[in-house]
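Residue numbers (my numbering), protein chains in the order written: chain E, 1 to 77; chain L, 1 to 560. Ideal Cβ positions, reconstructed from N, Cα and C, are used throughout, including at glycine. Input: a single structure, listed below in structure tokens.
Set out below in structure tokens:
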């Protein structure tokens, strides 16, 4: 598991009150955090601020899992 | 002599006339998050559109050719569309938020002569595009030295001269897909007169003028934003603001920064604004009483008390005078919240097939579920039940000419000059239209997307231990008098007995792969073979009848 994934899991656990240890890279972003696509966009914006990156919307198309989100962020770091 | 945009024969002519009238006025601002990428006057938009039309013509694009646009909201979207109209082309707006495979199948159906596309989208599409039938590909914003996969650059100087091609009111202006990629793409062919009439009809009701600033929130490829947020402002001398990201906090910031006066949102987005406003109102626990006291006092209509003014300004800006809700239906409570605050919300009902907007509710009155038909729209309720509810048929000078390359679908939708909407409703004694449900097998999501069950069945092909599977809109199987919270259900016939764990696991896994708005809500297990025609084609309606006769909604098991 990458450092980016670890950070995402920490921030997600804090923001949505879920169990940090239960989150894995294969987990569906929406199902694991129980959020819709708007909330996901807001969460991504928070991640951008915390991690100092900016991801254009089109690079988030097709992102379904926490691991894919970590990859999308890493491509921009 | 300057032509009047309102009496021009075609969209290209009308926009040219408006550019001549409003040359120095601001046409468009393009923002990306908190940055402003640029702003263009009407004259500058005209010059860029002309340059792009010359580029198309230099590559052989002729009048009547289709030009597809696959971009997020930005200035080049608008300049490409206007340039396309001026080259006499038929513009095909495509939703950028689809996966490459869906873009490919939709473009295969549209068969455009040219495709205008953002480079990052092209980079993903090119490997699977399969040549696009030799279409010219124009990519914008490609980095220097990038592999263009056969595309030319949007920014390149044109090789030829520009000749404006005129079009007649009855020529096709656009092909707008109202659904579908896998099964039955429905490309509505809309005429120039459709848009000219819609601009008059909607502009008259919403009183859009040169001082207005439209905040574009829906993608402009969406029929409502195309009509209300592109054509209408440009024919009115108003300005358009494009924000390249769809993230709520930046939309809100742009509305404030650019002092938007009107906008069109999907209900989902309005819900986001409700959430944000309520969070701010939490610091004013007795706000309903304070607001009522303010209204009872000597305030002028439309004037907010200072504490509320600050809250609304922080989320929506201080100049907003109209939010139109399009694309899907609205919970009354949501509209009521904005009405209580004094923010005018007009709920629109429409269909791409009808030219986009059919009826709009009165923004000054609380929304009671009924909308005023626009002038020129004739409505009929056919096969009405005792309560007056039946299927809505409509006739209007704005109706589509038919679906592109789909004569059977066209025949089913257009009968003797009337459009069969597939929606259920009734006419109120005062002439207003109340839509109460759907007679057709589809859903409209709260994000404003049409989803046809046929389109997602292919995603569930080859499930383990499953003999047959069919997807229905739940409210089509069991008619419901509601337009909100619609869902999809899969009817499946296991190889034997009850669905196996492997089948359920795989169904869940594939369901999660789908975009959120396309996901199945539940499943129904069925043991009888599905009815088919002699050629083994599924008889969907017969299966629906069998299901209705044997089961009700309680048979649906949530997928989770």
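Check	Outcome
Where do the N-terminal and C-terminal ends of the alpha helix (DSSP H) with residue 76 of chain L fall, by residue?	75 to 86
My guess is that residue 87 of chain L and residue 61 of chain L are in contact by the Cβ rule of under 8 Å, so how many angstroms apart are they, rounded?	6 Å
Roughly how many whole angstroms lie between the Cα atoms of residue 83 of chain L and residue 526 of chain L?	54 Å
Say whether the stretch 230 to 244 of chain L touches the stretch 265 to 275 of chain L, bearing in mind that this needs 3 or more beta-carbon pairs closer than 8 Å, one atom from each stretch.	no
For a contact defined as C-beta to C-beta under 8 Å, what are the partners of residue 245 of chain L on chain E?	56, 57
In the stretch 184 to 259 of chain L, which residue ranges form an unbroken beta strand (DSSP E) of at least 3 residues, counting only runs that do not cross its ends?	186 to 191, 213 to 216, 239 to 243
When the Cα atoms are used, what is the spatial distance from residue 552 of chain L to residue 492 of chain L?	16 Å
Between which two residues does the beta strand (DSSP E) carrying residue 494 of chain L extend?	488 to 494
In angstroms, rounded to a whole number, what distance separates the CA positions of residue 318 of chain L and residue 210 of chain L?	18 Å
Between residue 361 of chain L and chain E, is any beta-carbon pair separated by less than 8 Å?	no
Would residue 50 of chain E pass as an interface residue toward chain L - the criterion being a Cβ-Cβ separation below 8 Å?	no
Measure the C-alpha to C-alpha separation of residue 26 of chain L and residue 279 of chain L and round it to an integer number of angstroms.	34 Å
Considering only residues of the same chain and omitting the five flanking positions on each side of residue 80 of chain L, which have a CB-CB separation below 7 Å?	52, 69, 116
Taking the alpha-carbon of residue 175 of chain L as reference, which of L:191, L:149, L:162, L:36 has the nearest alpha-carbon?	L:191
Check whether the stretch 135 to 152 of chain L touches the stretch 160 to 180 of chain L, taking contact to mean three or more Cβ pairs, one atom from each stretch, closer than 8 Å.	no
Just confirm the distance between the C-beta atoms of residue 320 of chain L and residue 260 of chain L, as a whole number of angstroms; I'd bet it's less than 8 Å.	6 Å
I'd like the list of long-range same chain contacts for residue 39 of chain L, defined as Cβ closer than 8 Å, with 5 residues on each side in sequence excluded.	26, 28, 29, 30
How about residue 489 of chain L and residue 468 of chain L: do their beta carbons lie closer than 8 Å?	no
At a cut of 8 Å, does the stretch 301 to 316 of chain L reach the stretch 280 to 290 of chain L through at least three beta carbon pairs?	yes
What residues from chain L crowd round residue 41 of chain E, counting only those whose CB sits closer than 8 Å?	246, 247, 248
Does the distance from the C-beta atom of residue 456 of chain L to that of residue 349 of chain L stay below 8 Å?	no
Please confirm whether residue 512 of chain L has its beta-carbon closer than 8 Å to some beta-carbon of chain E.	yes
At which residues does the alpha helix (DSSP H) containing residue 41 of chain L begin and terminate?	Segment 35 to 41 is the beta strand (DSSP E) holding residue 41 of chain L; no alpha helix (DSSP H) there.
Would you mind telling me which residues of chain L sit closer than 7 Å to residue 62 of chain E, beta carbon to beta carbon, in chain order?	99
Would you list the residues sitting across from residue 263 of chain L in a DSSP beta bridge?	L:215, L:323
Along the chain, where does the beta strand (DSSP E) containing residue 103 of chain L start, and where does it finish?	No beta strand (DSSP E) contains residue 103 of chain L, which is instead part of the alpha helix (DSSP H) from 100 to 110.
Mind pulling the chain L residues with CB within less than 8 Å of residue 28 of chain E?	512
Whose Cβ in chain L lies nearer than 8 Å to the Cβ of residue 78 of chain E?	Chain E is shown only over 1 to 77; residue 78 of chain E falls outside these bounds and no answer can be derived.
Here's a check: name, in chain order, each residue in its chain whose Cβ is nearer than 6 Å to the Cβ of residue 344 of chain L, leaving out the five neighbours to either side.	322, 363
Go ahead and label residue 1 of chain L buried or exposed: buried means 16 or more other beta carbons lie within 10 angstroms of its beta carbon, across all protein chains shown.	Since pLDDT at residue 1 of chain L reaches only 48, below the 50 mark, its modelled position is unreliable, and the value read off the structure follows with that caveat. Burial call: exposed.
Taking all protein chains shown into account, do 16 or more other C-beta atoms lie within 10 angstroms of the C-beta of residue 37 of chain L, making it buried, or fewer, making it exposed?	exposed
What does DSSP give as the partner residue(s) for residue 472 of chain L in the beta ladder?	L:489
Sorted by chain position, which residues of the same chain lie with C-beta nearer than 8 Å to residue 412 of chain L's C-beta, five sequence neighbours on each side aside?	420
Quick check on the burial criterion: 16 or more other C-beta atoms within 10 angstroms. Buried or exposed for residue 199 of chain L?	buried
Go ahead and label residue 501 of chain L buried or exposed: buried means 16 or more other beta carbons lie within 10 angstroms of its beta carbon, across all protein chains shown.	exposed
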